[in-house]
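Report on the following structure.
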Amino acid sequence: MSDPSSLEKPARGRPSIRPTYNPETFGKVSERVARFLGSWRFIAWMSILILAWVIFNVVATDPADPYPFIFLTLLLSLQASYAAPLILLAQNRQDDRDRIQIKEDRERTERLIADTEYLAREIAALRIGLGEVVTRDYLRRELRALLEDLEHDEA
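So this is what it looks like as C-alpha coordinates:
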(Lines of atoms letter the chains of each structure in order from A and count residues from 1; the text may use other names and numbers.)
(Lines give C-alpha, C1' and ligand atoms only; values in the text may rest on other atoms or scores of the structure.)
Protein backbone atom coordinates (compact mmCIF):
# COMPACT_ATOMS: atom_id res chain seq x y z
CA MET A 1 0.00 0.00 0.00
CA SER A 2 1.05 3.62 0.20
CA ASP A 3 3.37 4.81 2.89
CA PRO A 4 2.27 8.14 4.45
CA SER A 5 5.91 9.21 4.71
CA SER A 6 6.49 8.59 0.99
CA LEU A 7 8.16 11.43 -0.86
CA GLU A 8 6.60 10.50 -4.21
CA LYS A 9 3.52 12.61 -3.61
CA PRO A 10 3.32 16.01 -1.99
CA ALA A 11 1.82 16.07 1.46
CA ARG A 12 -1.59 17.59 1.87
CA GLY A 13 -1.54 21.02 3.36
CA ARG A 14 -3.27 21.73 6.60
CA PRO A 15 -6.70 23.25 6.23
CA SER A 16 -6.55 26.97 6.75
CA ILE A 17 -8.91 28.64 9.18
CA ARG A 18 -8.30 32.00 7.54
CA PRO A 19 -10.92 33.03 5.02
CA THR A 20 -9.69 33.10 1.45
CA TYR A 21 -9.69 36.38 -0.41
CA ASN A 22 -10.91 36.39 -3.98
CA PRO A 23 -10.47 39.86 -5.53
CA GLU A 24 -12.93 39.07 -8.32
CA THR A 25 -15.71 38.19 -5.89
CA PHE A 26 -14.96 41.23 -3.77
CA GLY A 27 -14.99 43.41 -6.88
CA LYS A 28 -18.36 42.04 -7.97
CA VAL A 29 -19.81 42.65 -4.50
CA SER A 30 -18.46 46.21 -4.50
CA GLU A 31 -20.02 46.82 -7.91
CA ARG A 32 -23.39 45.55 -6.69
CA VAL A 33 -23.23 47.74 -3.60
CA ALA A 34 -22.16 50.76 -5.64
CA ARG A 35 -24.94 50.10 -8.14
CA PHE A 36 -27.47 49.91 -5.29
CA LEU A 37 -26.09 53.07 -3.64
CA GLY A 38 -26.56 54.91 -6.92
CA SER A 39 -30.17 53.85 -7.37
CA TRP A 40 -33.44 55.64 -6.70
CA ARG A 41 -34.45 52.72 -4.52
CA PHE A 42 -31.56 53.46 -2.13
CA ILE A 43 -32.41 57.17 -2.05
CA ALA A 44 -36.04 56.35 -1.29
CA TRP A 45 -35.13 53.89 1.50
CA MET A 46 -32.63 56.30 3.04
CA SER A 47 -35.15 59.15 2.88
CA ILE A 48 -37.84 57.01 4.53
CA LEU A 49 -35.40 55.81 7.20
CA ILE A 50 -34.14 59.32 8.01
CA LEU A 51 -37.65 60.76 8.03
CA ALA A 52 -38.87 57.98 10.34
CA TRP A 53 -35.84 58.47 12.61
CA VAL A 54 -36.43 62.22 12.85
CA ILE A 55 -40.19 61.90 13.39
CA PHE A 56 -39.73 59.19 16.03
CA ASN A 57 -37.13 61.21 17.94
CA VAL A 58 -39.09 64.47 17.73
CA VAL A 59 -42.43 62.95 18.76
CA ALA A 60 -41.13 60.51 21.40
CA THR A 61 -41.31 61.55 25.05
CA ASP A 62 -37.96 59.88 25.75
CA PRO A 63 -36.07 60.12 22.41
CA ALA A 64 -33.15 57.79 21.78
CA ASP A 65 -31.42 60.48 19.71
CA PRO A 66 -32.57 64.01 20.69
CA TYR A 67 -32.71 67.02 18.37
CA PRO A 68 -29.20 67.47 16.99
CA PHE A 69 -29.51 63.78 15.99
CA ILE A 70 -25.86 63.04 16.70
CA PHE A 71 -26.33 59.26 16.49
CA LEU A 72 -28.07 59.61 13.12
CA THR A 73 -25.15 61.74 11.93
CA LEU A 74 -22.76 59.06 13.15
CA LEU A 75 -24.67 56.34 11.28
CA LEU A 76 -24.76 58.39 8.07
CA SER A 77 -21.04 59.15 8.36
CA LEU A 78 -20.31 55.46 8.90
CA GLN A 79 -22.41 54.55 5.87
CA ALA A 80 -20.59 57.17 3.78
CA SER A 81 -17.18 55.97 4.97
CA TYR A 82 -17.97 52.49 3.63
CA ALA A 83 -19.78 53.66 0.52
CA ALA A 84 -17.01 55.87 -0.85
CA PRO A 85 -14.30 53.16 -1.08
CA LEU A 86 -16.77 50.66 -2.52
CA ILE A 87 -17.78 53.16 -5.20
CA LEU A 88 -14.11 53.82 -5.97
CA LEU A 89 -13.43 50.08 -6.25
CA ALA A 90 -16.33 49.72 -8.66
CA GLN A 91 -15.02 52.65 -10.71
CA ASN A 92 -11.55 51.09 -10.82
CA ARG A 93 -13.00 47.84 -12.10
CA GLN A 94 -14.95 49.77 -14.73
CA ASP A 95 -11.76 51.61 -15.72
CA ASP A 96 -10.00 48.26 -16.15
CA ARG A 97 -12.84 46.97 -18.34
CA ASP A 98 -12.81 50.20 -20.36
CA ARG A 99 -9.04 49.95 -20.83
CA ILE A 100 -9.39 46.39 -22.16
CA GLN A 101 -12.27 47.45 -24.43
CA ILE A 102 -10.25 50.37 -25.79
CA LYS A 103 -7.29 48.06 -26.49
CA GLU A 104 -9.54 45.59 -28.32
CA ASP A 105 -11.15 48.44 -30.28
CA ARG A 106 -7.72 49.78 -31.25
CA GLU A 107 -6.60 46.33 -32.45
CA ARG A 108 -9.85 45.88 -34.39
CA THR A 109 -9.41 49.32 -35.95
CA GLU A 110 -5.84 48.51 -36.98
CA ARG A 111 -7.02 45.28 -38.63
CA LEU A 112 -9.82 47.14 -40.43
CA ILE A 113 -7.39 49.79 -41.66
CA ALA A 114 -5.03 47.09 -42.94
CA ASP A 115 -7.93 45.32 -44.68
CA THR A 116 -9.14 48.60 -46.20
CA GLU A 117 -5.66 49.44 -47.48
CA TYR A 118 -5.35 45.96 -48.98
CA LEU A 119 -8.73 46.30 -50.71
CA ALA A 120 -7.78 49.77 -52.00
CA ARG A 121 -4.58 48.33 -53.50
CA GLU A 122 -6.55 45.48 -55.07
CA ILE A 123 -9.10 47.90 -56.57
CA ALA A 124 -6.28 50.06 -57.95
CA ALA A 125 -4.67 46.97 -59.49
CA LEU A 126 -8.01 45.99 -61.04
CA ARG A 127 -8.45 49.49 -62.48
CA ILE A 128 -4.98 49.37 -63.98
CA GLY A 129 -5.69 45.89 -65.33
CA LEU A 130 -9.01 47.01 -66.78
CA GLY A 131 -7.30 49.93 -68.45
CA GLU A 132 -5.28 47.43 -70.46
CA VAL A 133 -8.25 45.21 -71.34
CA VAL A 134 -9.85 45.71 -74.70
CA THR A 135 -13.38 47.00 -74.38
CA ARG A 136 -16.25 45.58 -76.39
CA ASP A 137 -16.84 48.84 -78.27
CA TYR A 138 -13.17 49.17 -79.19
CA LEU A 139 -13.08 45.57 -80.38
CA ARG A 140 -16.23 46.05 -82.50
CA ARG A 141 -14.81 49.19 -84.09
CA GLU A 142 -11.58 47.42 -84.92
CA LEU A 143 -13.40 44.40 -86.33
CA ARG A 144 -15.68 46.63 -88.45
CA ALA A 145 -12.65 48.50 -89.72
CA LEU A 146 -10.95 45.21 -90.63
CA LEU A 147 -14.16 43.94 -92.24
CA GLU A 148 -14.44 47.14 -94.27
CA ASP A 149 -10.79 46.80 -95.29
CA LEU A 150 -11.40 43.19 -96.38
CA GLU A 151 -14.53 44.15 -98.28
CA HIS A 152 -12.68 47.05 -99.86
CA ASP A 153 -9.79 44.75 -100.84
CA GLU A 154 -12.18 42.21 -102.41
CA ALA A 155 -13.95 44.82 -104.41
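Start counting the sequence shown at 13; every next residue gets the next number (our numbering).
Where a beta carbon is used, it is the ideal one built from N, C-alpha and C, also for glycine.
Predicted model only: the values in this text are computed from it and were never measured.
| query | result |
| --- | --- |
| Beta-carbon contacts of F48 that lie in its chain and below 7 Å, excluding the five residues immediately before and after | F54 |
| Supposed close pair L20, A102 - CB separation, criterion 8 Å | Contrary to the premise, residue 20 reads as Glu rather than Leu in this sequence. Not a contact, Cβ separation roughly 48 Å. |
| Distance, D74 Cα to T32 Cα | 46 Å |
| Every unbroken beta strand (DSSP E) within the segment 34-103, with a cutoff of 3 residues, ordered by chain | none |
| G143 versus Y150 - alpha carbon distance | 12 Å |
| Buried or exposed by the 16-neighbour rule on C-beta atoms within 10 Å, applied to A46 | buried |
| E20 - DSSP class collapsed to helix/strand/coil | coil |
| W52 versus T37 - alpha carbon distance | 25 Å |
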